[in-house]
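Undergrad:
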Amino acid sequence: MAERVTVIGSFVVDLMARSPHIPVQGETVKGSIFKMGPGGKGSNQAVAAHRCGGDVILVTKVGNDVFGKVAKDFYADEQMDSRYVFEDPDLATGIALIMVDEHTSQNSITVVPGACGAISQEEIRSIDSILDDTSVLVAQLETNLDILPPAVERVHTSGGIALLNPAPAPVEPLDDEFIGMFDLVTPNETEASCLTGIDVVNRESAHKAALALQAKGVRDVIITMGKMGCFLLTAEQEALLFPTMEVKVVDTTGAGDAFNGGLATALSKGKDLRQAIYFATAVASLSVTKVGTAPAMPTNDEVQQFLSALDQKAYWEQVK
41 MAERVTVIGS FVVDLMARSP HIPVQGETVK GSIFKMGPGG KGSNQAVAAH RCGGDVILVT
101 KVGNDVFGKV AKDFYADEQM DSRYVFEDPD LATGIALIMV DEHTSQNSIT VVPGACGAIS
161 QEEIRSIDSI LDDTSVLVAQ LETNLDILPP AVERVHTSGG IALLNPAPAP VEPLDDEFIG
221 MFDLVTPNET EASCLTGIDV VNRESAHKAA LALQAKGVRD VIITMGKMGC FLLTAEQEAL
281 LFPTMEVKVV DTTGAGDAFN GGLATALSKG KDLRQAIYFA TAVASLSVTK VGTAPAMPTN
341 DEVQQFLSAL DQKAYWEQVK
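The number in the numbering used here is simply the position in the sequence shown, starting from 1, with 40 added.
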C-alpha cells in the first residue's frame, strides 16, 4: 500500500480580521488587519500534510465562482493534486468568517460550508481506486456526513485506517455507529465534551471522555487541549499526556488542522502513535508562529529543523 493520505473535507475561503478584542453581541470593533485566503478544515489538513511531507489527495467541492478559483490557483501554487476538487454548478464556494483577538491570539469562527456540504455519493464512488490505495483517510464534520461511511468501509477493506477530527463541534449528537467506524478520533476538549457529555478540563476528565469514546467503538483517542498539550488513550489502555512545545504564539487559527495533517502524514509513513503525536505537535507548534491557516502550515524542512533544535530527551521525559 502507498504512503497515501486521502482527505475528504471542506474548502472555504477564510475572511480573517484581527482586532483588539472579539466583539460581543451587538458590538462593533475597529480592526487592524484583514486577510483573505484558502481555508476549510479539510483543505487546511491536506495542505499541512502535503507541506510536511505527505503524499496527499484532497477530495472537496467548490462553486463555479471567484472563490472556487482561489482554491484551484492555491493548489496549483502548492503543487497539490487537485483532480478531485469537484465543482458544483449551483452552490457557492464555502466561506469562514474569522475574528482574531490581536492580544491573546484566540479566535472565533463562523463557517458557511456551501458547495463542500454537497459532495455526492457518485463523486465518492469515482475515487474508489484512490481509497483502495490509501494508508490514512482523514475526515471532519464540515462536509455532508453521508459520504463518509462508504469511504471508510472502502479504506478498511484495503487495510488502511480512518481518522476522524470531529470538528467543528457537532450541533446535533453523532450516532455511536458513525463515530465507532473510525479507528482514531482527534477532538479538542470542547468537541470531546460535546461527543461524550463529559466536561474536559484536565487529564483526568480527558481520560474519562476518551474511555467514553472507546465505548462507542473507537480504537484510539487523542484529545487536544491547547496549552495543556494532548492526551492519548490507546486501544491497549496506555494513557499519556504530551506537553506543548515552546514557541512564540502569533495566531492559533488552524493549529488543530496542522496537528491533524502532521499526524496523518506521520502515521502514513509507519510511525507509531507516540512518534506521530510528537511530529504532529511540532507541526502545530510552528503553525501558530505565523498569521493565517493554510499559508501558515510549515514545510517538512522547517519541522525537521525545529525538532533537531529541540531537547528531545527532555520532551519525552515529560510524556507521562
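Backbone N, C-alpha and C fix where the C-beta goes; we use that ideal spot for every residue, glycine too.
#1: Tell me whether R123 is buried or exposed, calling it buried when 16 or more other Cβ atoms sit within 10 Å of its Cβ.
#2: At 3 residues or longer, what runs of the beta strand (DSSP E) sit wholly inside the segment 192-231?
#3: Around the Cβ of V152, are there at least 16 other Cβ atoms within 10 angstroms (buried) or fewer (exposed)?
#4: Looking at the structure shown, is E342 part of a helix, part of a strand, or coil, going by DSSP?
#5: Could you give the residue range of the alpha helix (DSSP H) that holds F319?
#6: Check whether the segment 41-59 and the segment 162-178 touch, using three or more Cβ-Cβ pairs below 8 angstroms as the test.
#7: Kindly list the residues whose CB is nearer than 6 angstroms to the CB of P283, restricted to its own chain and excluding five residues on each side of it in sequence; keep chain order.
#8: Should A324 and A316 be called a contact, given that it needs their Cβ atoms to be closer than 8 angstroms?
#9: In the DSSP assignment, find the unbroken beta strand (DSSP E) run with K101 in it and report its ends.
#10: Beta carbon of N84, beta carbon of G302: below 8 angstroms?
#11: Sorted by chain position, which residues of the same chain lie with C-beta nearer than 8 angstroms to G332's C-beta, five sequence neighbours on each side aside?
#12: Nearest to T144 by alpha carbon, out of I62, T183 and K309?
#13: Thinking G154 and T133 are a contact (beta carbons under 8 angstroms), I'd like their distance in whole angstroms, please.
#14: Mind checking which residues open and close the alpha helix (DSSP H) that includes R123?
#15: At which residues does the alpha helix (DSSP H) containing F51 begin and terminate?
#16: Contact defined as beta carbons within less than 8 angstroms: I believe A249 pairs with V241. What is the distance between those atoms, to the nearest angstrom?
#17: Check whether the segment 230-237 and the segment 207-219 are in contact - that is, three or more C-beta pairs closer than 8 angstroms.
#18: Just to confirm the assignment, what range does the alpha helix (DSSP H) spanning S169 have?
#19: Starting from S148 and walking both ways along the beta strand (DSSP E), at which residues does that stretch end?
#20: Tell me the DSSP secondary structure of K288 in three-state form.
#21: Buried or exposed for I73, going by 16 or more other Cβ atoms inside 10 Å?
#22: Can you find the residues in the same chain that come closer than 8 angstroms, C-beta to C-beta, to E127, ignoring five residues on each side of it along the sequence?
#23: Return the residue from the list E67, A349 and A86 that minimises the CA-CA distance to S383.
#24: Return helix, strand or coil for M337, following the three-state DSSP convention.
#25: Where does I135 fall in DSSP's three states?
#26: Below 7 angstroms CB to CB, which residues in the same chain sit around L131 once its five sequence neighbours on both sides are set aside?
#27: Look up V261 in the DSSP assignment and say whether it is helix, strand or coil.
#28: Taking 8 angstroms as the threshold (C-beta atoms), are G80 and E163 in contact?
#29: Can you list, in chain order, the residues of its chain whose CB lies under 7 angstroms from that of Q146, leaving out five sequence neighbours each side?
#30: With a CB to CB cut of under 8 angstroms and the five nearest residues on each side skipped, what residues in its chain are close to L350?
#31: Three-state secondary structure (DSSP) at P189?
#32: Name the DSSP bridge partner or partners of R44?
#33: Which whole-angstrom value is the C-beta distance of L204 and A191, which I expect to be below 8 angstroms?
#34: Expressed to the nearest angstrom, what Euclidean distance is found between the alpha-carbon atoms of A334 and A88?
TA: Reading from the atomic positions:
#1: exposed
#2: 201-204
#3: exposed
#4: Helix, per DSSP.
#5: L313 to S327
#6: At 8 angstroms Cβ cutoff, the stretches touch.
#7: G269 and Q358
#8: no
#9: D95 to G103
#10: For N84 and G302, no; Cβs fall outside 8 angstroms.
#11: D54, M56, K75, G77, D291, T293 and G294
#12: I62
#13: Contact between G154 and T133 is confirmed by a C-beta separation of about 5 angstroms, below the 8 angstroms threshold.
#14: R123 -> no alpha helix (DSSP H), and no H or E assigned at all.
#15: Careful: F51 lies outside any alpha helix (DSSP H) and carries neither H nor E.
#16: No, A249 and V241 are not in contact; Cβ-Cβ is about 10 angstroms, not under 8 angstroms.
#17: yes
#18: D168 to D172
#19: N147 to G154
#20: Coil at K288, not helix or strand.
#21: exposed
#22: K101, V102, G103, N104, G108 and A155
#23: Because the chain is modelled from 41 through 360, residue 383 falls outside the range shown and cannot be assessed.
#24: coil
#25: strand
#26: G103, G154, A155 and A158.
#27: strand
#28: no
#29: So the qualifying residues of the chain are T292.
#30: M285 and A322
#31: helix
#32: D95
#33: No, L204 and A191 are not in contact; Cβ-Cβ is about 11 angstroms, not under 8 angstroms.
#34: Just so you know, the alpha carbons of A334 and A88 end up roughly 7 angstroms apart.
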